[in-house]
Each structure stands twice: as C-alpha cells, then as structure tokens.
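Quick notes on the structure that follows.
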Amino acid sequence: MPFNNLQTPALILDRAAMQRNLEAMHSRMQRLGVALRPHLKTAKSADIARLVTQGQAGGVTVSTLAEAEYFHASGFKDILYAVGILPAKLDRVDALAKSGADIKLVSDSLDTVKAIAERSPDSALPFKILIEVDSGEGRAGVLADDPVFLEMARVINDASNMKLMGVMTHAGHSYGCETVDAIKDVAAQERERITSAAERLRENDLPCPIVSAGSTPTAVHAENLDGVTEMRPGVFVFNDLKQLAVGSCAREDLALSVLASVIGQNKHKGHLILDSGALALSKDISAHDEHPEVGYGEVCHADTLEPFEGLYVGAVSQEHGIVPVDNPDAFDRLPVGTQVRILPNHACITAAGYSHYEVLENGRITAQWDRVNGW
C-alpha cells in the first residue's frame, strides 16, 4: 500500500487523473476558440498552476489577494482577481503592480469605482477593471440593461487611475442543474448575457477587450462560445462528487481524495469512527440533491479507490467522521488502523484544510506540493 508512511488525514492527488482533466479542458477550449484562464482558487498550488497553464497564454484567476501575491511570486504575471474589489485593498494591488504583476480587478459597485476614481493618483499604473455582470446566478453582478452598468463603465473609462478592460461573469447557477441539457441552457444564457454586455459597451464607444465567463459545468458543456474571449473554470482540475453528480465528469476523473484512518468501532451504535471530520472533509453536502447516499464523502478502498458498498461519512464533528454501518461485516473488513480514502463533495472546500498535496503517481507518493491558504 502506498500510504503506510503517511499521517492521516492527508490530501491525496492522483496526478494521472488530474493530467487527463487538464488535457481534456485544454482541448475543449481550443475547439471552441477561447483562451483558458484557469481559476486557481481550487488548486492554490504553483506546481499545479504550471501544469494547468502549459500550452496556453499563462493568464490565471484567483479569489484572494494572498493567492495573487503567491502566484506572482511563483512567476505568474497575468492575474485576474475575481472577487469584487474594495478600495481598502488597493494598496496590496498597487504593490503587486509595482512588482510587475498585470493584475486585473472586478467590480459591480458604482460606489466602489467612484471611490477609486477619487483616490489620490499615487498608483504605479491605472487599476485595470472588469465590470461583473449577473448572468443568472444572482449572487453578484449588474445587469447589462441597468443604467448603472453604463454609468460604471463611463466612470472607469473617464478616470485617470482606472482602465476599463471589459466584462466578466460566473454562471454559478449551473451547479444547481439536474441534467446536462439544463447545464447547456445555462451555458447559452451565460454567453448571451456576457456578450450582450460587451456589445452594449462597444455600442457606446467604450472599450471591451476582455469578455470573460465560466464555471466548470458551463466550460465542459457549452456548445457555442462565440464572442467570449476566455473561460475561467476551476474545479475541473480535480473534479469531485458534485461534478460527477451534475454530469461534468466521470468517476475516473476524480483526482482528489482524503486519506483517513479508522480510529474506532462503535458496534452498539452501529458505526465506524474516522480521524477525518469537518476540518478534514468540510461540511459541504452539495452532491446531496443528486446523491444523498454520499453524505459528507464516499468511503473507498485506500489502494484502489473502489467504493465500499453502502459506506459513507454520515456525520462529522471537528475531528471525527462517523460512518454508519448496516452490514456488521464492515467491522471485520475495517478494523481499527485501517486506512480508507474519502471522495469529497466539493474539492475546493476540502482542500482548503491542508497545507500541501501528497502526489500519487504509479501507485506511490512521489512528491508534496505546497498550497497557499488564507486571504
């Protein structure tokens, strides 16, 4: 067994599965004629980022300024910080720009861009801004037909310390789809909303070089990306039970798992106890709508990743994972000390609890790849 020397819980990355995922997404984006700007909020690792960006322009997406600083220090220059900017964070952005980063920001707030426009012009370069557009999720973004959209664009374009770079959107509602056809419909809606926003800028003599969209489901299932310049999927690198549930990957595409150990057998209550609880797995149950039987994660053989039939993490506390046992034979098959692997519902959230990946290649651990965490 390749994991005998590992302390549990540990985050296991199957390099071969990940590489297949990367190659499939690269091929798909090339066929559709758009650039891939991978969202690194999932991987948070320079080693993985270098693999994801092989053969493409090298632009990346991040969700925290800590990620932006880390990836810039690791050699990545073209960075989109895809969370609405606050003026209070601009000093860190400016420091990145002064050190050579080509960092782009997003906003859906007229108040924010007005505040930036009034800021003392002491920055290294104009702040590059994309306007965030709501393509149907309703989480953030302005509507292209809202008067605020053009007002924001004009404030940015007229300011000496900002530069209008285009529009961006995220079709997060694709994760709620129950069929592939429904995802295709969301992908079409995403494309229509963001390209309409871009066209509205151009009709008003405003620049729009970047038209940025993407989620993993829409990147996997979009049939037409005409007018979109780049896509920003993230979890495709690893995939997870949620992506499997919505039809965005196959089981063999699941590249991330948590190595856990059986630390107890509570036979009178009918469950196994693992040393991997909420902090090791997360409390995400996003695959429940489609597959309630996976609980907080599916329990699998450590060496083959084949599932133990009927076994899942049914409850978690901070450091304990509880596996309900219907068949008493499971107590014999999984004595205390046995290692198992857990497939997570949401790879991004599960990985956030770890400082590094244990990289699995050809049946053995060959490397540790560090991650950046925090904000």
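Numbering-wise, the working numbering puts 826 at position 73 of the sequence shown, and it's gapless, one number per residue.
Glycine is no exception: its CB is placed at the ideal position from the N, C-alpha and C atoms.
Bear in mind the structure is a predicted one, so any value in this text is a computation, not a measurement.
- With a beta-carbon spacing of about 27 Å, residue 757 and residue 1006 fall beyond the 8 Å limit used to define contacts.
- Taking residue 1113 as the centre and dropping the five residues before and after it, the same chain places the C-beta of 765 and 767 closer than 6 Å to its C-beta, in chain order.
- Scanning the region 982-1026 from its first residue to its last, the whole alpha helix (DSSP H) runs of 4-plus residues come out as 994-998.
- The secondary-structure analysis by DSSP pairs residue 1122 across a beta bridge with 1110.
- According to the DSSP secondary-structure assignment, residue 880 is paired through a beta bridge with 915.
- In this structure, the CA atom of residue 849 is about 15 Å from the CA atom of residue 816.
- Residue 833 is not a Cβ neighbour of residue 968, given a cutoff of 9 Å.
- Between the alpha carbons of residue 896 and residue 907 lies a gap of roughly 16 Å.
- Residue 987 sits close to residue 792, with the two beta carbons spaced by under 9 Å.
- A distance below 9 Å separates the beta carbons of residue 1079 and residue 1063.
- Taking one beta carbon from each stretch, the region 1023-1030 and the region 972-979 have fewer than 3 pairs nearer than 8 Å; the two do not touch.
- By the CB criterion at 9 Å, residue 991 and residue 1003 fall outside the cutoff.
- Scanning the region 1056-1091 for uninterrupted beta strand (DSSP E) segments of 3 residues or longer gives 1060-1065 and 1074-1077, listed from N- to C-terminal end.
- Per DSSP, the beta bridge partners of residue 855 are 831.
- Shortest Cα-Cα distance from residue 948 to any of 898, 1022, 755 and 854 involves 898.
- Across the set 882, 936 and 996, the C-alpha of 882 shows the shortest separation from the C-alpha of residue 918.
- At a Cβ-Cβ threshold of 9 Å, residue 1061 and residue 1087 count as neighbours.
- Take the alpha-carbon of residue 993 and the one of residue 913: they are about 44 Å apart.
- Residue 1013 and residue 1070 do not touch by the CB rule: their CB atoms are close to 14 Å apart, not below 8 Å.
- Around the beta-carbon of residue 1046, fewer than 16 other beta-carbon atoms lie within 10 Å, marking it exposed.
- DSSP places residue 780 within a helical segment (H, G or I) once states are collapsed to three.
- Between residue 999 and residue 1034 the beta-carbon gap is near 20 Å, outside 8 Å, which marks them as no contact.
- Per DSSP, the beta-bridge partners of residue 1053 are 1060 and 1094.
- Straight through space, the alpha carbons of residue 807 and residue 887 are spaced by roughly 31 Å.
- Residue 1094 is classed as buried because its beta carbon has at least 16 other beta carbons within 10 Å across all chains shown.
- Apart from the 5 residues on each side of it in sequence, residue 1068 sits with its Cβ closer than 7 Å to the Cβ of 1075 in its chain, given in chain order.
- In this structure, DSSP gives residue 965 an extended state, which the three-state scheme calls strand.
- No Cβ-Cβ contact shorter than 9 Å links residue 795 with residue 1040.
- Residue state for residue 976 is assigned as coil, using DSSP reduced to three classes.
- For residue 763, the three-state secondary structure derived from DSSP is strand.
- Excluding residues up to 5 positions away in sequence, 817 and 819 lie with their Cβ nearer than 8 Å to the Cβ of residue 1127 in the same chain.
- Per DSSP, the beta bridge partners of residue 885 are 921.
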